[in-house]
Every structure is written in C-alpha cells, then in structure tokens.
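Chains as they are written, first to last, in our numbering: chain A, 837 to 1198; chain B, 141 to 434; chain C, 3 to 365; chain D, 9 to 273; chain E, 3 to 96.
We put the beta carbon where it would ideally sit given N, CA and C, even for glycine.
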Amino acid sequence: MQLELRNVSKKVGKSFHISNVSLLFEPGALNILLGPTLSGKTTLMRLMAGLDQPTAGTVHFSGKDVTGVKVQKRNAAMVYQQFINYPNLTVFENIASPLRIAKIGKTEIKERVDKVASLLKLENMLGRNPNELSGGQQQRTAIARALVKGADLVLLDEPLANLDYKLREELREELPRIFAETGAIFVYATTEPSEALLLGGRTATLHEGQVTQFGSTIDVFTKPNNLITARTLSDPPLNTLPVVKLNGRMLYKSHVEIPLIGKLPQLPDDNYTIAFRPHNLYLNRRKNTDIRVKAKVAITEITGSESYIHTDVAGVRWVLLASGVHKFGINETIDIFLDPDTFYVFDRNESLVVMPETVAGV
Amino acid sequence: MIEKQVNQKAWFMVLPVFLLVAFSAIIPLMTVVNYAFQDTFGSNQFYWVGLDWFKEIIHSERFHDAFFRQVAFSAIILTIEIPLGVAIALAMPKKGWGVPVCLISMALPLLIPWNVVGTIWQIFARVDIGLLGHTLTQLGINYNYTQDPVAAWITIIVMDVWHWTSLVVLLSYAGLSSIPDVYYQAAKIDGASKISIFRYIQLPKMQRVLLIAVLLRFMDSFMIYTEPFVITGGGPGNSTTFMSIDLVKMAIGQFDLGPAAAMSLLYFLVILLLSWVFYTVMSNIGEESSNGGV
Amino acid sequence: MANITLKDIAHSYTGASDNPADYALKKLNLTWRDGGAYALLGPSGCGKTTLLNIISGLITPTKGEVHFNQEDVTQLPTEHRNIAQIFQFPVVYDTMTVFQNLAFPLKNRGRTKEEIEPRVIELAAMLGLSDNLYTKAQHLTADAKQKISLGRGLIRQSVNAILFDEPLTVIDPQLKWEIRSQLKFLHKQFGFTMIYVTHDQTEALTFADEVIVMYEGEIVQVGTPEALFMRPEHTFVGYFIGSPGMNIAPCELQGDTIIVEGYEIELANNYPVQNDAVKIEIGIRPEHLDLSAADTPGGLPVTITKVDDIGRYKIVRVKLRNKEFNVIMNELSAVTGDKASLHFDTSHTHIYVNDHLILGEPK
Amino acid sequence: MRWKWTIPAIYIIFILVPIYWLVNMSLKTNAEILSVFSLWPQDLTFANYMVIFTDPSWYSGYINSMIYVSINVVISVCFALPAAYAFSRYTFVGDKHLFFWLLTNRMAPPAVFALPFFQLYSSIGLFDTHIAVALAHCLFNLPLAVWILEGFMSGIPKEIDETAFVDGYSWPRFFVKIFIPNIASGIGVTAFFCFMFSWVELLLARTLTAVNAKPISAIMTRTVSASGLDWGVLSAAGVLTIVPGALVIWFVRNHIAKGFALGRV
Amino acid sequence: MNLSWMAWTLPTAIFFITIFCILVTMTIWEYKSPGGDPRVGVLRFETTRGDRVFVSLLGSAFIHIIWLALFPSISLWCAFAIALIYVCAVFKWV
C-alpha cells in the first residue's frame, strides 16, 4: 500500500496552485507537508483525498490509478484546521458515522468507537454535542472520526493550528503514538517548522506550489538542497549573507571581507549566499578558526533558559540564539563569532554547494 | 471565503425550480408581448397593429401622469422609510425581553393581507368612524381623504410607512446585530464619537442589508396596487391612480388588452433595468466585503 | 503614562455572588509599573482577557478598584482612560484607507493635520505598511490588517498603557518573529507600558520583562522569565513554561533525601518534615537532567523509550520504573542501546507540596 | 441616551393603534359603530365573529387560503432546497444570470401577469383550484426561497460537506442526514416568508379563483361592495386574517431578524 | 391544450426564437470556454460576456422606446441601426 502522485498539477483560472508535484508516501511513517500559507498544502491534500481533480498528472494508490475515482470510494479520512464536526450529532454519533455508512453491526460500532474514544480521551464526552466541547475536544472528535474507520489514507490539514500552545504540545506528542498503531498513510500539513521537527517522520517542503525537497525531517533540516528549503524549515529564521567571490577573495557588499576557511577556498568565482542557523552564532570564541564580527544589538529576548539576540551586522539582521540569560542594551556593540564549519553555502541558483562539516561527516 | 467548484451537473438541481418558474413567468410574458402588437375585438380575434399601442401609450397623458405619480410615490416612500427604519433599528434594545417584543410587534403589519391593510386604514382614517379621521376633525383640521387629493396622498403614504417601515427596521437590525462587539470596543478605545461609529462601523456593515431594503422597498412600492385601491380606488379623480391601478383598470375594467399589454411591457422594462442596476451594485459590494473582516 | 494598580479586583459575568465558582477572575492585587513590558500568560479560559478588559474599561469589575497613578478609574469609561488596545483578530475600518485608519485615533482627539501626517508616515514605515498607505483597508491580507490594528494602538504617544490581546494569532510563524521583535523595539524606544496577553509561552517570555502566569482565574506566579523558568512557584507554572514542560513526579521526602520510584536522591537542601496528608512532588526541568552510559555510578537506571531529534537538540523520553521523564540532550553518543543512567542536577531540583514550591535550608 | 427606548416604543404604538381600532370595531355592533364614537366597545358583542363562523361562504375562504398557502410553502421549500444548494456550492454555466432572472420574477408586478395567468390556467384546466394559486405564487416565492436558503447555506462551511463525502456519505444521504438538520432554522425562516407572501397576496389569488378556491381576502372585497356598510363583520374578518400571521411569527421569533436579512448577515 | 389565447404572430415568434437562439449560443460558448472573458470596463465593475449580452438587449429595447417617443413618424429601422452601433460599443468597452 502506498500513495503516489505523478507529475500532478492543479490550475485554477490562469494560475497554478500546484505545479508538477511528484511524491511517494509509504505507510507507517508520518508524512509532513511544510510550507507557509498559500504554498499549496491544502490543494495538494484535496487532490489526494479526491475532493479535487488534478489538471494534469495522476494519483496512484497501491499502484492503481485512482485519479478519477470518487471521494466516497477512496477510503480516506480528513481532518481540517477548523474543528469540523456534524453539529446535529452527538460525539458518539459523529465518530460512529463513517461506520454507519459502511453498514457495520451495532455492537462492533460500539466497540470501535469506545476504543478510539479512549485512545483520544473522549470517553466522558460521547453523549454531548460537539459545540458543547472545548476546541481541543472538538478537534479530538474530528481526529477520532478520521481514525475509527481504519482508512488507508488519513489527511490532517493543520489540525493543531487553532489550539492553545500547551494543548498543541500535548497532542503533538500523542499523535505520532496513535498513528503508529494504525498503520495507515498519514499526511500532515503545517506551517510551523518546529512542529515538523517535533513530529519527526518525513517532510516535504512546499514553496509556491512546488515541492522543494522530500526526505526524513531531520535530513531535510540538516541537508537542505536549496536556500528556500532551508528557510522554510528554520525557526528561528535562518541567518543569511549574500557574498561575491572574486579573484580569491570573498566579499560582502564589495568591502567586508570573509576569510576563506574550510571549503570556501575551493569554490569557483561567483555570487553565493552563506547561511547558518541562529544557534551557530556564538558569544564566545569556541575554536580558533571562528570568525569574529562586530555586531550592534537591536533587541534581546529572553525565554528563561535561552536568549535570542537580534543583531545588526553591517546592515544585515542576524539572530543569535544562546543558552542562558544574556542582557544587552539597545545599540550596544558586541563581538559575535561565526563558525565556518557550520556554514551552508548556496550558489546563484540557490542550490546547496557547501554543507557544514558536522553534517557532511555523518 | 467559500471557493466554489465548477460542476455542470448542478443544473439538474436547479432544473425543477427553473421549469416551474419558467412556466409561470415565460408563457405569460410571451402572451403579453403578443398582445402588445395586436388588437382584439372579443373572443380570440386578433389583428396585427404593429407599434401603434406603444406609440399611443408613450404619448398618452394618462400614462405619463400615472408614471410620474408612481415615481413620486416611490421616491417619497424611500426617503421616509429608509432613514426612519435605520433610526428605529439603532434605538432598538440589543438584548433582554425588549427584543422579542419589538421584533414580534414590528413584524405584525407585514403579515396582514394587503387588502386588509387597506381596510384597516380605510376604517381608521374615516372621519365618521375612524380614530384618526375623527381625532383630526375634532382638532379642527379639515381632513377628508375621499375628497381631498392631498389628504388621500398623505393617508396612503402614512399607511405605507405603517405597513413597510418594519421591513427596513428588521433588515437594519439584523445587519447591526451581526457587527462583532470588538468593533465597538476598538472604536471606544480610538475615542470615536457616536457619529463616527455610525459613519465608519455601522453604516459600512449595514450596507448590504440596506441595499436589500432599498431594493425590496423600491420594487414593492413601484408595483403597489391593492392597498391604495382599497382605500381610494385611485381617487379622488385620478390623483392616486398609480401604474398598477391604471393597468388593471385598462386591462380588466375596459378590456383594452393591447394598450394594457404595451404598458405592461414598458413597466416591466423599467423594473428590469432598475433591478439589474440594484443587483449589480449589490453583488459587487458583496464581493468586496466578503473578502475581509472577521 | 501611569502606574496601574488593581485593588482586590474580582469579576463574575453573572453578577455579584457568594459562590467562588461563579468568578471568572478571583480576587487579586497587582501593580504595573509605568513603562514596563508585561505579559499575562495562561491557557484559554483562565481569565486573562477579562483582566485585560477590566484595565481598559470594557468591563467594570464586580468587586475592587482600578487606579491609574492615584486616581480611581474603576467607573471611568474606556474612551477617557487614554488606553490603547489591540485585539486578537484584526479590527479595521473597511471604508477607510490605511492612512485614515492609522490617523483615526489622533483625529478623534482633535490633533491637527500637521501633527498627524508625519507620525502616521513614520509608524507606517516602521510596520512595513508604507507601500499600501493609500489603499482601502478592506482589500488587504489578514497579516496587513493586523499590522494596521497594531499601528492604531501605537500611534498615540501619550497613552497610559497599550494592551495586546493575543495579537499574533493570525500571523504566519516567520512574520511573528519580525513583529514581536519590532514591538519589543518600540517598547524600548518609546517606553510605553505594554501588557501582552497570550497562551504562547515563547511570546510571553520573549516579550515581557515580567510575566504574570494565570490559572483558573487566579495569579499563580509573577516574575521575570528567568525566575519563572528556574524557580516555578507552582507545578502549573513548571508545566506551562518550558517546552517540554517540567518533569513532575510524586516522591517521598526525608530531610535532605527524596525517594522517587524507590530510588533515593540526595538533595542540596534540607527540608522540614511534612504532614502525611499532603501531596509531595519533585519538579525538574528536562534541561537539568542528564543521561550517561548505562550503569554509570550515581545514576538511576532508565530505559529510553523514544528520541526526538529536532535539529538543535534531542528530546529523550526515558522511563524510571513506571515514571516517564523528558530529558533534553545535545549529544547522545555516550549512550548505546536503550539503557542509560539518569542524573539529576540537584541544585535545580524543586520540591512542591500541594503544588506549591517549598524552600529548604542549605545544609 | 436614556430616552433611546422611546423611539421604538412610539413606533410600536403607531403600529398597534390601527390594529387595536380594527379589533375595537369588530367587537361592536354596526349600530354602535355608526352612532357613538368610543375608544372601546360599550356594548361588547361577538355577533360579527359568529356571522363568519357560521356562514360557509365566509369560513370556506379561510380554509381555501390555508390550503393554497400550505401547498405553496411545501412546493417552494422542497424545490428550492436542491437549487439553493447548487447555487451556494457550485459554479455552472449561466449560474449568475439564472439567479438574477429568478430574482427579477420576485420583482415582476403581478398586475402585468394577471390576465395571461387567468388564460394560462384556464387553458390547462386548473382555473379555480387551490393548486393554481399555489403554483402562481411560486412565481415570486420560489426565487425568494432559493435566495434565502442560499444565504443560510453559504453560512455552513463547505468543509462539512467534504468531511461527509470523505466519510463515505452519498450526496442524498448527506443532504438529508447532515445538511438539512443544520439549516433547520433557515428552512423555518424560508417557510415563514413563503407563508407571508402567499398569505398577503390578493391580485393573483383573486384572478385565478371564482368559487371553489376563493381566498378570504377576495371574499372580503366582495362583501364590502355588496353589503357596503357592514363594518362590524368586515372588521371581524380582518382580525381573523391577522391571527394566523401572528401565530406564525411567534414560532420563528428567534430567527426573525436573521430571516429578514435573508440569511445574509 | 388550446394555445390560441396566446395569439402568436410571425414577428413575435421570430423575435422569441432569436432570443432563444442567442441564449443557446451563449450557453454553448460558455461551456466551451468557461469564465465568460471577465474584464473591468467603463462601468468600473467586472462584466462577463453574458452581462454584456444582457446590457445590449436591455439597452436596445430602451433605444427603440426612446426613438418611438421622440420621432414617432420616422421608421424604427433607424433606431435599430443605432441599437446595433450601441451593441458593438457595449462589446468593445463595457
């Protein structure tokens, strides 16, 4: 059993919502679609569910072409960002409704609903109406309904986006465990990089209707193929620096010189973008190859265990993430350190040409 | 925002409605068009007369008078009822027992058959047995709607205000109650005056329902027939003979099918044009406001 | 500008009552210093928005008084309190342009055009709205609309306080970073008193100098982000702040030793003897736990049930007999297989009695 | 504004006084009406109502009205439901123009159509039947029903439909089991409006009937001209036409405001 | 069913058949190339070709009526010619 999209495109009017996407999803793993609002996540899910038909390309399930097959015949389930339940039915009936359609016997329905309800901690809510529940419980009901019928494909479209932060954290922890038990193909859309990383599994990053990379989440995080992927899967935002390499020198804004260390000397002359993550900017020198830079502090944010220091380095905004509490005044000048071993370097087409040592070594 | 899917099969769901309405709308309309170009003497004997009826109607004093009376009536009705209705809606309570009391008593006139509305006012305004007519006469005001055209007009206008202002009130009230509290809170914090709140929050949010109100009130007042017919029968003289009354007089009273049909068509075209203008304005405003807000 | 003091404030939406359960906000006292950046943090339904609306005057509290400096403003209507408030969902005046929207609060207070214009242009530039200054507000995206709402809150220079009610709900994660640091910057720049309501701990901690944590209508702790993180005074604060939250485990307490799941741990402090009826728990942050190779002396034997690699660090879930702990690790290379030794950083191990922190005597 | 409530209060009094006067008249004898001018009946009588309840030519009018109004409401709602769903969920060739055309019929003056209607229904043998009036009223009630229901349906997120389809519901089953219960109040409001416009309409109802299906409002006009001065009975008949409307309002009172905005707020 | 009461004549029949044909053509056209070529013209709001047909027909009717009102003795074909020009204008600019 696997779900495959082959060169799928979706055009609405004259604009492409999805263009030429090919993906292969295997059961058991959690598949994540990560991208900002309007990057095509929902459209892609609707194509998988069969709610929309692609303008070009085909959708295959277990090797069979299901492109034109009606939604009702697909054995899929879907959970939306808004808490969608049938308001006129009780929680029990909401969860039971796919089973009633499938003409399953009363006792079995009771058994299966009870089982999934206890999995999602809804045992005490079964007699109530969905609109009497809190947001978290409503969304649990929707998830329970998606799980109860044992669908081959379960689609979750930002299911936690409208919930409280802590609630989100709890469900985020529970969901992978629940999913692991069912063995269906799960596809999970989210806008938040941290959510993707916490859920693990495999991630496809989306940008303007195209998949920029697909692989295990941690791989995509550590080895992004291109700048857009790296930006999409980075929270706090990625720090970047556009540079030009010319005659053996690497310059930013044609006057700030970057020392050529590590793999940088091997690069041919061209335009590049250097990128590194906030936790790879340091307040102290750690190695003697570290590059020292003068930075002006814009603002410091302290979370209790860590500090985010927003800095201005020759007109570029960088965020430095340091553990512990560090307080700086506005416009204070400090020394910060870059480790060339943690650099990602992207060429003028924004493709990755240099990877950090630590990652490349693994 | 609801993004609609293209589905030509949806026509099958609309088809029953389409056929039923078409049956009642298109066949009579075709018949009216046919009559408008012919003359008839008694049973089913028709003669082609071309555009004679249209020429006659367009140049007839009687048509002009009825038309202008009609336009004047609709204009007066709209200028009274719309502001009055909005003002009452603004003053209505937002919650508590007052709400159902207001809503129910205000909706009452809308559910009275139109000729009964006429009857109520015919009785109420009579000098001999009506509270209004009697009181006015007692106060020394010379009021007799059966003889004085001005009094007749005032009676009909007051009656229409009585009958239909509630519709405007209820529509405006619905529009007002759909404004989330947070808008009023924001306005308070921004230090907005009552007038600013009305101008920048309430009016824009009521725009859609107000257009529906204007549309409905315009159309209904433009084809008003029953109530003035019951009260004055178009009199005194022809002073309250509106277009519908004139039309029915001509078609049924005098059995002048041809001119009546021609007049109907002119009447219908005017209504079609105005409906289109209103509808276009309305749906364009609708599109704009559906993109935004909470 | 003013100090804001809440005196014995309590609020019930059903009117005054003797039943404490009716109160959405239970009796509380609080002072906000002029020019501070505060956050009200708590789950939905904890009363934080109610408290905010009491300050702005949208709600009159059932009991207690609100003071701005020395003046009692409890009965003063919102428009006279000189307060700015930004709501969860964007509130814009659809028929006005962005410029008119931003100018509206000033115009209502009778400022001249010469005063208004430069101020609006400056603020619009700061919020990244300059390009759309003369378009109708209703045609913009939710992001931009919320920026307008923020702008209307920030436009007046002499407000007593600016209140934010979960203002970043509709904003994409990438943009959240930008706007949040901008707000913080504006705070440092102009010194407004700012009160920020949120359920998101990251937003609260990064924004505020002092965070007020609320739970079921009560304040459970007031403190700096650092204090809340290092010394939560209530198990709820421990759980609610930090991601993942504090590990809380039932234990027995004997002087300077606790017994967790049958294992003894010696603490840095001595604790007084507790009554038998109370609930005693230890609390320790995942950051203050450490794992080493199995059977390391001094460590407790645990089983690793799951490792989440989230890039910067790893969240390791371990089991000590029946109790689960979360451990945050940068490296796991020392541990092989699913067995490991768990170490407590005893200087950051806290003891809670009936959910409240107790302090011990240093030995 | 402490005196704000006076505005609606005065307006309600303005509405109720003429109705009170009608009730007042219906409880007086003709002699009293014409001789003494009084604010309430001096000589309370129910004789006027007895006339109506005992004379079949009077009370059959009420029955006729009720029958055709009910038929019309049922037809309008049943036919409009699928059509409104189509308009609220799909786009199809000519949808906007069809919708506009439907609405223009709501605005077509009945006076224009009266005569052809008479001939049309005579030619298909439906003249003077209840179904004829019910069908004729569909001309303006069906578009209105589609319009209102479309407004209510657009308020239901389409994700509910999709969830149901993904769950395996066929369209008819979904429509009956899930969708209709969710717009129950919309259906109630629609039925109320159809009732209202069918109940108050006179011109078409009078044109299409002679004896068997003659509505009460038409009987009233006839009586006015025939007996001329029987004010008491006329008032009593008028009061009786207000009663059903008042009852119906009572049932939809909670949805009245939204209903009058045609589900569009 | 007797339809004689409808009093059909050849010119009116031709008129209705023409309208019917226009509707059918529009439907087929819309089906083949959906969307109706929407654009914002002189009226400042978006119109599709269906709207333009409607505006043309309604406008033409009024042109004929106004002609009748102003020049009752001159042939109506002149009005027809004006209407044709009007229709072209509508399709170009509205």
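Per DSSP, cross-strand counterpart(s) of residue i
i               : result
N80 (chain D)   : Answer is none; N80 (chain D) lacks a bridge partner.
H839 (chain A)  : With the sequence shown as reference, residue 839 (chain A) is identified as Leu, and His is not the correct amino acid for it. Note: L839 (chain A) sits in a beta bridge opposite A:F861, A:F897.
S1187 (chain A) : A:N1062
D310 (chain C)  : C:I317
T49 (chain E)   : E:R41
N249 (chain C)  : C:I286
A199 (chain D)  : None, per the DSSP bridge assignment.
H236 (chain C)  : C:H358
Y15 (chain C)   : According to DSSP, which records beta bridges pairwise, Y15 (chain C) is partnered with nothing at all.
Pairwise C-alpha distance: residue j and residue i
i              : j               : result
S245 (chain B) : V301 (chain B)  : 15 Å
G871 (chain A) : L125 (chain C)  : 30 Å
A234 (chain D) : I224 (chain D)  : Low confidence applies to A234 (chain D): its pLDDT is 46, below 50, so where it sits in the model is not reliable enough to give any reading.
L129 (chain C) : G153 (chain C)  : 7 Å
W261 (chain B) : K234 (chain B)  : 32 Å
A91 (chain E)  : S1090 (chain A) : 59 Å
L210 (chain D) : V257 (chain B)  : 12 Å
K939 (chain A) : A1016 (chain A) : 27 Å
I319 (chain B) : I337 (chain B)  : 12 Å
R842 (chain A) : L1069 (chain A) : 24 Å
E254 (chain C) : G240 (chain C)  : 19 Å
C80 (chain E)  : P118 (chain D)  : 34 Å
F336 (chain D) : E968 (chain A)  : Here chain D comprises residues numbered 9 to 273, so residue 336 (chain D) is not present and cannot be evaluated.
I352 (chain B) : M422 (chain B)  : 8 Å
F84 (chain E)  : Q908 (chain A)  : Looking at the sequence itself, residue 84 (chain E) is Ile, so the reference to Phe does not match. For I84 (chain E) and Q908 (chain A), the distance between alpha carbons rounds to 56 Å.
Q203 (chain C) : K149 (chain C)  : 22 Å
F152 (chain B) : L160 (chain B)  : 13 Å
A978 (chain A) : K1132 (chain A) : 49 Å
N342 (chain C) : G313 (chain C)  : Rather than Asn, the amino acid found at residue 342 (chain C) in this sequence is Ala. Answer to the nearest angstrom: the Cα atoms are 22 Å apart.
Residue i Cβ short of 8 Å to the ligand SAH heavy atom set
i              : result
L935 (chain A) : With respect to small molecules bound, the structure shown includes none, and the ligand SAH cannot be examined in it.
Mind listing which residues of the region 82–112 of chain D have their C-beta closer than 9 Å to chain E's C-betas, in chain order?
T99, V101, G102, K104, H105, F108
Could you give the uninterrupted runs of the beta strand (DSSP E) lying entirely in the region 980–1017 of chain A, keeping only those of 3 residues or more?
989–993
Mind the definition here: the region 346–361 of chain B touches the region 307–315 of chain B only if three or more C-beta pairs lie below 8 Å; say whether that holds.
yes
Taking three-plus beta-carbon pairs below 8 Å as touching, is the region 354–368 of chain B in contact with the region 7–21 of chain C?
no
For the region 164–213 of chain C, list the alpha helix (DSSP H) runs that are entirely contained and at least 4 residues long, ordered along the chain.
175–192, 203–209
Report the residues of the region 33–63 of chain C with a CB closer than 9 Å to any CB of chain B, ordered along the chain.
N55, S58, G59, L60
Contacting positions in the region 328–339 of chain B - beta carbon closer than 9 Å to chain C:
K328, I329, D330, G331, A332, S333, S336, R339
Does the region 225–244 of chain B touch the region 396–410 of chain B, meaning 3 or more C-beta pairs lie closer than 8 Å?
no
With 8 Å as the limit, tell me which residues of the region 66–78 of chain E have their beta carbon closer than that to any beta carbon of chain B; keep them in chain order.
I67, L70, A71, P74, L78
Of all the residues that make up the region 155–181 of chain C, which are near chain A by a beta-carbon distance shorter than 7 Å?
D174, P175, Q176, W179
Cβ contact check for the region 376–394 of chain B and the region 28–41 of chain E: 3 or more pairs under 8 Å
no
Using a Cβ-Cβ cut-off of less than 7 Å, give me the residues of the region 272–283 of chain B that come near chain D, in sequence order.
H274
Quick one: complete alpha helix (DSSP H) runs, 4+ long, within the region 184–264 of chain B?
192–198, 201–231, 238–247
Mind the definition here: the region 851–870 of chain A touches the region 1014–1028 of chain A only if three or more C-beta pairs lie below 8 Å; say whether that holds.
yes
Taking only runs of the beta strand (DSSP E) that begin and end inside the region 43–90 of chain C, which ones reach a length of at least 3 residues, in chain order?
65–70, 85–88
The region 304–322 of chain C: positions lying closer than 7 Å to chain A by Cβ
D310, D311, I312, G313, R314
Does the contact criterion of 3 or more C-beta pairs under 8 Å hold for the region 161–175 of chain C versus the region 77–89 of chain C?
yes
Interface residues of the region 236–251 of chain C facing chain A [CB-CB below 9 Å]:
Y241, F242, I243, G244, S245, P246, G247
Give me the subset of the region 195–209 of chain B whose CB atoms are less than 9 Å from a CB atom of chain E, sorted by chain position.
K195, I198, H199
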